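Following: one structure in structure tokens, then a few remarks.
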Amino acid sequence: MLLRALSRLWTEHRLPASPGLRWAAAGLRLLSSGAKGLCEQTLVAVKPDGVQRRLVGEIIQRFERRGFQLVGLKLVQAPQDILSAHYHDLAEKPFYPALIEYMSSGPIVAMVWEGHDVVKVSRTMVGATSPGEALPGTIRGDLCVHISRNAVHASDSVEVAKKEIGLWFRHSELVQWECCAAGSTYNI
Ligand code: IDP
Ligand code: MG
Numbered sequence: 008m009l010l011r012a013l014s015r016l017w018t019e020h021r022l023p024a025s026p027g028l029r030w031a032a033a034g035l036r037l038l039s040s041g042a043k044g045l046c047e048q049t050l051v052a053v054k055p056d057g058v059q060r061r062l063v064g065e066i067i068q069r070f071e072r073r074g075f076q077l078v079g080l081k082l083v084q085a086p087q088d089i090l091s092a093h094y095h096d097l098a099e100k101p102f103y104p105a106l107i108e109y110m111s112s113g114p115i116v117a118m119v120w121e122g123h124d125v126v127k128v129s130r131t132m133v134g135a136t137s138p139g140e141a142l143p144g145t146i147r148g149d150l151c152v153h154i155s156r157n158a159v160h161a162s163d164s165v166e167v168a169k170k171e172i173g174l175w176f177r178h179s180e181l182v183q184w185e186c187c188a189a190g191s192t193y194n195i
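The opening residue of the sequence shown carries number 8 in the working numbering; numbering runs sequentially from there.
Now the structure itself:
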């Protein structure tokens, strides 16, 4: 509570924004939110088919409206080394070459979302890997029809999320910011 109040004071009164002070403010925020488990992060990506089909806004909106906080966002043509590290556990699957080709076929929107239980909730929001099994109301259940073009990625565990965020984002690309709706999203 005290840490969050100090952090908010810092933000609202726009205290001098030297790099050291910014890190201190981010640290205060992380300490206060971390104590409540609110700063869990996950990697979500709109895959090339989702970008081509102009689903980026719809997918971002679902995470925003759910109450999660965007802390990283970029449009990238995925480099081969990142894709092979990202999908290393699928390297022996027969569909792996087609998967890498698909993921290289155009830009991807990579994002980091933050909030309570964000890893588990994101997977629920995204739905089953095969859109035919994804429930209506999920992203894949509403917007996709085939497993080879399932529009979106979300990390499947907290540990994997940490690895995937480190793979796709440099630390300096993540932005720690105070969301003015935090008090309406959580009991903090
Ligand atoms: P996930 O994306 O739901 O976590 P994973 O099993 O990790 O599913 O597979 C990663 C991605 O590989 C899937 O999202 C999908 O794009 C692709 N994929 C998985 N299984 C198949 C398949 O049987 N055929 C074609 N592509 C597949
Ligand atoms: Mg997976």
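Just so you know, even glycine gets a beta-carbon here, dropped at the ideal spot from N, CA and C. Every value quoted in this text rests on a predicted model; they were computed, and no experiment measured them.
Since residue i sits in a beta bridge, which residues does DSSP pair it with?
| i | result |
| --- | --- |
| Thr145 | Pro143 |
| Arg156 | His153 |
| Gln48 | Glu121 |
| Val58 | Val58 pairs with nothing; no bridge assigned. |
| Val53 | Val116 and Val159 |
Quick one: Cα of residue i to Cα of residue j, how far?
| i | j | result |
| --- | --- | --- |
| Pro101 | Arg73 | 36 Å |
| Ala168 | Val133 | 15 Å |
| Met8 | Ile195 | Because Met8 sits at a pLDDT of 44, beneath the cut-off of 50, its placement in the model cannot be relied upon, and the following sentence gives the value as read from the coordinates. In a straight line, the C-alpha of Met8 is about 7 Å away from that of Ile195. |
| Ala188 | Gln48 | 18 Å |
| Glu65 | Ala98 | 31 Å |
| Tyr193 | Tyr109 | 39 Å |
| Ser179 | Ile172 | 12 Å |
| Val78 | Val116 | 13 Å |
| Ser164 | Ile146 | 19 Å |
| Asp124 | Val51 | 14 Å |
| Val119 | Cys151 | 22 Å |
| Asp88 | Lys170 | 14 Å |
| Trp213 | Arg177 | Residue 213 falls outside the range modelled here, since the chain spans only 8 to 195, and no answer is possible. |
| Leu62 | His95 | 27 Å |
| Ala92 | Ala161 | 15 Å |
| Leu174 | Cys186 | 26 Å |
| Asn157 | Ser129 | 15 Å |
| Pro114 | Gln68 | 19 Å |
| Pro143 | Ala135 | 11 Å |
| Val83 | Ser191 | 33 Å |
| Val126 | Val159 | 14 Å |
| Gly44 | Gln76 | 14 Å |
On the DSSP letters alone, give me the boundaries of the beta strand (DSSP E) that residue i sits inside.
| i | result |
| --- | --- |
| Val83 | Gln76 to Val83 |
| Ile115 | Ile115 to Glu121 |
| His160 | Val159 to Ala161 |
Among the residues of its own chain, which have a CB less than 6 Å from the CB of residue i, if the five just before and after it don't count?
| i | result |
| --- | --- |
| Ser137 | Ile154 |
| Arg21 | Only weak support is given to the placement of Arg21: the predicted model assigns it a pLDDT of 45, under 50, and the value that follows is read from those uncertain coordinates. Around Arg21: no qualifying Cβ. |
Hey, quick one: how far does the alpha helix (DSSP H) through residue i stretch, first residue to last?
| i | result |
| --- | --- |
| Ala168 | Val165 to Trp175 |
| Ser191 | Ala189 to Thr192 |
| Glu65 | Val63 to Arg73 |
| Ala195 | Going by the sequence as given, residue 195 is Ile instead of Ala. Segment: none, Ile195 is in no alpha helix (DSSP H) and carries neither H nor E. |
| Glu99 | Glu99 -> no alpha helix (DSSP H), and no H or E assigned at all. |
| Leu181 | First-last for Leu181: undefined, no H or E at that position. |
| Ala92 | Gln87 to His93 |
Can you name, in chain order, every residue of its own chain whose Cβ lies under 7 Å from the Cβ of residue i, other than the five neighbours on each side?
| i | result |
| --- | --- |
| Ser112 | Pro55 |
| Ala85 | Met110, Ser111 and Ile115 |
Which residues in the same chain as residue i place their Cβ atom closer than 8 Å to its Cβ, once the five residues preceding and following it in sequence are excluded?
| i | result |
| --- | --- |
| Thr131 | Thr145 |
| Phe70 | Val51, Leu77, Met118, Trp120, Ser129 and Met132 |
Determine, for residue i, whether the minimum Cβ-Cβ distance to residues of chain D falls below 7 Å.
| i | result |
| --- | --- |
| Tyr103 | Checking the listed chains, one finds no chain D in this structure; it contains a single protein chain. |
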